[in-house]
Amino acid sequence: MKPLPEKIKVGGRIYDVIVENNPDMIIDDKTAGFHNPRRLTITVMSPEFVHPLKQREILLHEIIHAVAHVGAIDISEDAVRGLANILFGVFQNNDISCLSEKYEREVIS
Ligand SMILES: [Zn+2]
Numbered sequence: 170m171k172p173l174p175e176k177i178k179v180g181g182r183i184y185d186v187i188v189e190n191n192p193d194m195i196i197d198d199k200t201a202g203f204h205n206p207r208r209l210t211i212t213v214m215s216p217e218f219v220h221p222l223k224q225r226e227i228l229l230h231e232i233i234h235a236v237a238h239v240g241a242i243d244i245s246e247d248a249v250r251g252l253a254n255i256l257f258g259v260f261q262n263n264d265i266s267c268l269s270e271k272y273e274r275e276v277i278s
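Under the numbering used here, the first residue of the sequence shown is numbered 170, with each subsequent residue one higher.
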């Protein structure tokens, strides 16, 4: 399984991805990740505490929070949860790595 990225760019902001090893950071059964827009951090629990696939779903969940924040989109926790669940399935079941390709400007001379 690929390691998590160390940084994720959302709009013009670059978030640090932090893998948390402190189990006290788990607030409840549903919360194992955090998005901090002031510190530009996305924190997910270590695979020691959550299944690696669940960890990735949590990462996507927090990215959606970051997208909403950067885009000034008012979105409920339920909507974030629903989008993360569905999009995680889309990413898991389809090869859409073409979306990760960077645009390259063609030089016309
Ligand atoms: Zn959330």
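Think of the CB as a built atom: it goes at the ideal place given N, C-alpha and C, for glycine as much as any other residue. Source: prediction; values computed, not measured.
- DSSP places Lys-223 in the uninterrupted alpha helix (DSSP H) bounded by 221–239.
- Taking each of Glu-189, Phe-218, Val-219 in turn and checking the Cα distance to Ile-211, the smallest one comes out for Glu-189.
- Here DSSP, grouped into helix, strand and coil, assigns Arg-250 to helix.
- For the pair Ala-248 and His-234, the Cα-to-Cα distance works out to about 10 Å.
- Taking C-beta separations shorter than 6 Å and ignoring five residues to either side along the sequence, the partners of Pro-221 in its chain run Met-170, following chain order.
- With a threshold of 6 Å, the Cβ atom of Val-249 counts as near ligand 1, since some heavy atom of the ligand is closer than that.
- Exclusion of the five residues before and after Pro-192 leaves Phe-218 as the residues of its chain whose Cβ lies within less than 7 Å of its Cβ.
- In this structure, DSSP gives Met-194 a helical state, which the three-state scheme calls helix.
- For the pair His-230 and Leu-252, the Cα-to-Cα distance works out to about 8 Å.
- A straight line joining the alpha-carbon of Lys-176 with that of Arg-182 spans about 10 Å.
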